[in-house]
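Colleague: Protein chains in written order, with numbering that gives the first Met the number 0: chain W, 0 to 258; chain L, 0 to 258; chain V, 0 to 258. We treat Cβ as the ideally placed atom computed from N, Cα and C, and that holds for glycine.
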Amino acid sequence: MLLTLLTDFGTGSPYVAAMKGVMLSIHPAAVIVDLTHDVPPQDIRYGALVLEDVAERFPRGTLHVAVVDPGVGTSRALVYAEIGDHRYLAPDNGLLSRLALRQPPTRIIRLTESRWWLPKVSATFHGRDILAPVAAHLSLGVDPAALGVPHKELVMLAWPQPRIAAGQIQGHVLWIDRFGNLITNITVEVLAAAGVGPNLVATCCEKTTLRHVRSYGQADAGDFITVIGSSDRLDLAVVDGSAAGRLRARIGDRVTITW
Amino acid sequence: MLLTLLTDFGTGSPYVAAMKGVMLSIHPAAVIVDLTHDVPPQDIRYGALVLEDVAERFPRGTLHVAVVDPGVGTSRALVYAEIGDHRYLAPDNGLLSRLALRQPPTRIIRLTESRWWLPKVSATFHGRDILAPVAAHLSLGVDPAALGVPHKELVMLAWPQPRIAAGQIQGHVLWIDRFGNLITNITVEVLAAAGVGPNLVATCCEKTTLRHVRSYGQADAGDFITVIGSSDRLDLAVVDGSAAGRLRARIGDRVTITW
Amino acid sequence: MLLTLLTDFGTGSPYVAAMKGVMLSIHPAAVIVDLTHDVPPQDIRYGALVLEDVAERFPRGTLHVAVVDPGVGTSRALVYAEIGDHRYLAPDNGLLSRLALRQPPTRIIRLTESRWWLPKVSATFHGRDILAPVAAHLSLGVDPAALGVPHKELVMLAWPQPRIAAGQIQGHVLWIDRFGNLITNITVEVLAAAGVGPNLVATCCEKTTLRHVRSYGQADAGDFITVIGSSDRLDLAVVDGSAAGRLRARIGDRVTITW
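This is how it looks when you write it as structure tokens:
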């Protein structure tokens, strides 16, 4: 069984290596792939979006271990969850709520059986002391039922949906990638539901796009455009440049679509 | 067969994880090693230099997947190429042109057979939707001939060569590493051809080196020196410091050698 | 046998990939895990602390390859060392001195047998040309005795210990993590030896903590607190914020404990 890791520790953090060391000590042949460790510190929403975008690209049955855990050491639960064909270990703080929005979990177990944990559990690093050893034991074939007790439902965060009204769609910037592209919460489904045509125009930070294209190559360098991105969302981009830089845009900024 | 990945997505980008997820879904036992994901955005030349420097360190037969692809979604070709004992999947935009300069490719195939691709191909992320699944299928033993049609030749970028004249070598800074060392396009072969002796002096950004050494330890902290670096190129360095910082040097800056 | 890599090359550096390529060329089935590549350039102390904190989390017998090597190309030794249940390859410059402080090495060999090295050894990159191939050969079962000659003892760096006097503990900031937490050299053992109670107060950069908690969740957002961190050290933290940012603290800053 494949294991993946998503954290907010920062790529190259020794904390990531500590988790891998614990996993490999229990299951030396475990195969561990990094999803990302560059979730902004304690940004549960960002982690939830990455999980939604990437987790299901992995083989069925993959176990995704996610640690964005500002509540570590409090009474927040740590859970094992099955959602679709994939499995997850995470704090129950909303980190799985994008995935659970799309498809209800078929099984949730609260981790309470400490025999699967490290003998000594710190108060500040449950990723290493609880989730990593539990993940390794699961990958060795431990029955999830042995991990703890059934857990009724996951904490769900509110995710503002785009609004369609009066010939407009109001959405916002969900995240910004390394190229400075603004990924919005306006999906192709929303565009279709609103009957938006190919002549759509987006406005963000008081700047308006020049045209809507199928790929970057259909516009000229420097053009401010919209394009359907690789997650089936409307992206705002500057060809061969950075939309985030030009607009000084940030996550959460409002995006208005007209057509 | 080993797979490597080189992209400009940024280390820790979820886009990298998406490519790995696709590969592992098709070939769960695939072994994937990161070459680097820190190619500056859309900097084909930088990617080409890293491939030249590192790819052949890997075992013969390794398949290197390279994605620096500003033309994604246009008519630029995606190709499979065999160069020396190694194999490559990349957009045909010059990314393989340093390797191909040293040794002509023995086989080039343009990827046209969509049965090896993801069922749904986005217009903006062919790394995930075409190159990743093709790589996984190749690693499972698919015959390269089945991937598409023969492709005549690779796009070659112009790479300015150092000039030797009037007792001088004129070269430039090829890249700058994390230590602030300036790696030049002046190779040991060029130095030998020009008959340069051990008393060479380099000038860059109006600053002149103090001496040429065999290793950093032969100079004192703070000395501005030249040394033959690990890629058999002339490097300009400040011992225990940063040459790039002291000179405010940038990639492409002119370097003059006298002796 | 598992191999890990720790360097100061920077995550995503092609130099890291070059080392992996060399290892995999010699032992294609080698399993290599990154400890971290974000050791600040040439910061031997930082590397030594990470090794102490993380190396022993890995399975017994793991071979850790560490490259923070400002003296590359000088007469400094490269060594193979056995410390506890783990094995190490590193320059003998203090990089292993935190580990060796806790437990004396049971075996040290200076690498002198060049038949295990790359045929051509550069003067500036012994990580790639000596340590990587030696690691790969060890993982294939080569007897460590064949690597070179016995080496008497490791270079030890001085590590200032916290001082307990007059109802105070004087320590300092050992490192700062991504969350801005200040990890000190004051361990739980030191606190116990001094008889410090749960009402301890820490002062750093002229700012004093509000309270000592068992976990972040026991304090309010913005509180400046102390907590026993995941390495059994006293950490100074701002809940949901950055202590390093608020205090403008740096590694080495003095920390005073009263109670």
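Any C-beta of chain V within less than 7 Å: which residues of the segment 17-44 of chain W qualify?
Modeller: Ala17, Lys19, Gly20, Val21, Leu23, Ser24, Pro27, Pro40, Gln41
Colleague: In this structure, how does DSSP classify Asp222 of chain W when only helix, strand and coil are distinguished?
Modeller: Looking at Asp222 of chain W - three-state DSSP - the assignment turns out to be coil, as it is neither helix nor strand.
Colleague: Hey, Leu264 of chain L and Ser96 of chain L: beta-carbon distance below 9 Å or not?
Modeller: Outside the modelled stretch of chain L, which goes from 0 to 258, sits residue 264 of chain L, for which no answer is possible.
Colleague: Checking 9 Å against the spacing of the C-beta atoms, do Ala131 of chain L and Val64 of chain L come in under that value?
Modeller: yes
Colleague: With a 10 Å radius around its C-beta and 16 neighbouring C-beta atoms as the bar for buried, classify Ser113 of chain L as buried or exposed.
Modeller: exposed
Colleague: Below 9 Å between beta carbons: does that hold for Arg127 of chain L and Arg232 of chain W?
Modeller: Taking 9 Å as the Cβ cut-off, Arg127 of chain L and Arg232 of chain W do not qualify as a contacting pair.
Colleague: Nearest CA to the CA of Ile108 of chain V: which residue from V:Ile168, V:Ala80, V:Trp115, V:Ala29?
Modeller: The residue among V:Ile168, V:Ala80, V:Trp115, V:Ala29 with its C-alpha nearest the C-alpha of Ile108 of chain V is V:Ala80.
Colleague: Determine, for Phe178 of chain W, whether the minimum Cβ-Cβ distance to residues of chain V falls below 9 Å.
Modeller: no
Colleague: As an exercise, report each continuous alpha helix (DSSP H) stretch of at least 4 residues that is fully enclosed by the segment 164-199 of chain V, in chain order.
Modeller: As far as the segment 164-199 of chain V is concerned, its whole alpha helix (DSSP H) runs of at least 4 residues are 187-192.
Colleague: What do you reckon, are the CB atoms on Leu94 of chain V and Ile82 of chain V nearer than 9 Å?
Modeller: no
Colleague: Given this structure, state the Cα-to-Cα distance separating Asp37 of chain W from Ile175 of chain W, to the nearest angstrom.
Modeller: Going from the Cα of Asp37 of chain W to the Cα of Ile175 of chain W covers about 13 Å.
Colleague: Is His125 of chain L helix, strand or coil by DSSP?
Modeller: Helix at His125 of chain L.
Colleague: Quick one: using the 10 Å Cβ neighbour count with 16 as the cut-off for buried, is Ser12 of chain V buried or exposed?
Modeller: When all chains shown are included, Ser12 of chain V counts as buried.
Colleague: Can a CB atom of chain V be found closer than 9 Å to the CB of Ser214 of chain L?
Modeller: yes
Colleague: Under the three-state reduction of DSSP, which class applies to Asp234 of chain L: helix, strand or coil?
Modeller: In the three-state reduction of the DSSP assignment, Asp234 of chain L falls in the strand class.
Colleague: Considering only residues of the same chain and omitting the five flanking positions on each side of Val120 of chain L, which have a CB-CB separation below 6 Å?
Modeller: Asp128
Colleague: Could you check the C-alpha separation between Ala89 of chain W and Val154 of chain V for me, to the nearest Å?
Modeller: 43 Å
Colleague: Under 7 Å between beta-carbons, which chain A residues line up against Ser229 of chain W? List them in chain order, please.
Modeller: Looking at the structure shown, chain A is missing, and the protein chains on hand are W, L and V.
Colleague: Excluding sequence positions up to five away, which residues of its chain have a Cβ less than 7 Å from the Cβ of Ser138 of chain V?
Modeller: Met0, Leu2, His26, Ala29, Leu62
Colleague: Measure the alpha-carbon distance for Leu152 of chain L versus Gly70 of chain W and round it to whole angstroms.
Modeller: Sequence check: residue 152 of chain L is Glu here, not Leu. Within the model, the alpha-carbon separation for Glu152 of chain L versus Gly70 of chain W is close to 57 Å.
Colleague: Going by DSSP, what residue range makes up the beta strand (DSSP E) through Asp33 of chain V?
Modeller: 30-35
Colleague: Ordered along the chain, which non-local residues of its own chain (more than five positions away) have a Cβ less than 6 Å from that of Val195 of chain V?
Modeller: Trp258
Colleague: Who are the Cβ neighbours of Ala242 of chain V in its own chain at under 7 Å, not counting the five residues just before and after it?
Modeller: The answer, listed in chain order, is Gly179, Asn180, Leu181, Phe223, Leu235, Ala236, Ala248.
Colleague: In whole angstroms, what separates the C-alpha of Arg253 of chain V from that of Gly240 of chain L?
Modeller: 26 Å
Colleague: Mapping DSSP to helix, strand and coil, what is Lys151 of chain W?
Modeller: coil
Colleague: If you draw a straight line from the alpha carbon of Arg106 of chain W to that of Pro149 of chain W, how long is it in whole angstroms?
Modeller: 8 Å
Colleague: Taking just the CA atoms, how far does Gly140 of chain W sit from Lys19 of chain L?
Modeller: 24 Å
Colleague: Give the DSSP-derived three-state secondary structure of Ile256 of chain L in the structure shown.
Modeller: strand
Colleague: Does DSSP put Glu51 of chain W in a helix, in a strand, or in coil?
Modeller: helix
Colleague: Give a yes or no on whether 9 Å exceeds the smallest Cβ distance from Pro58 of chain V to chain W.
Modeller: yes
Colleague: My output table needs one value for Pro132 of chain V: the three-state DSSP class, helix, strand or coil.
Modeller: helix
Colleague: Would you check if the distance between the CB atom of Gln217 of chain V and the CB atom of Asn184 of chain V is smaller than 9 Å?
Modeller: no
Colleague: Can a CB atom of chain W be found closer than 9 Å to the CB of Gly93 of chain L?
Modeller: no
Colleague: Of the residues that make up the segment 2-15 of chain L, which ones have a beta carbon closer than 7 Å to any beta carbon in chain W?
Modeller: Phe8, Gly9, Thr10, Gly11, Ser12, Pro13
Colleague: List the residues that DSSP assigns as beta-bridge partners of Lys206 of chain W.
Modeller: W:Cys203
Colleague: Using only alpha-carbon positions, find the residue among L:Leu146, L:Gln169, L:Gly72 that is nearest to His125 of chain L.
Modeller: Taking only the C-alpha atoms, the option nearest His125 of chain L is L:Gly72.
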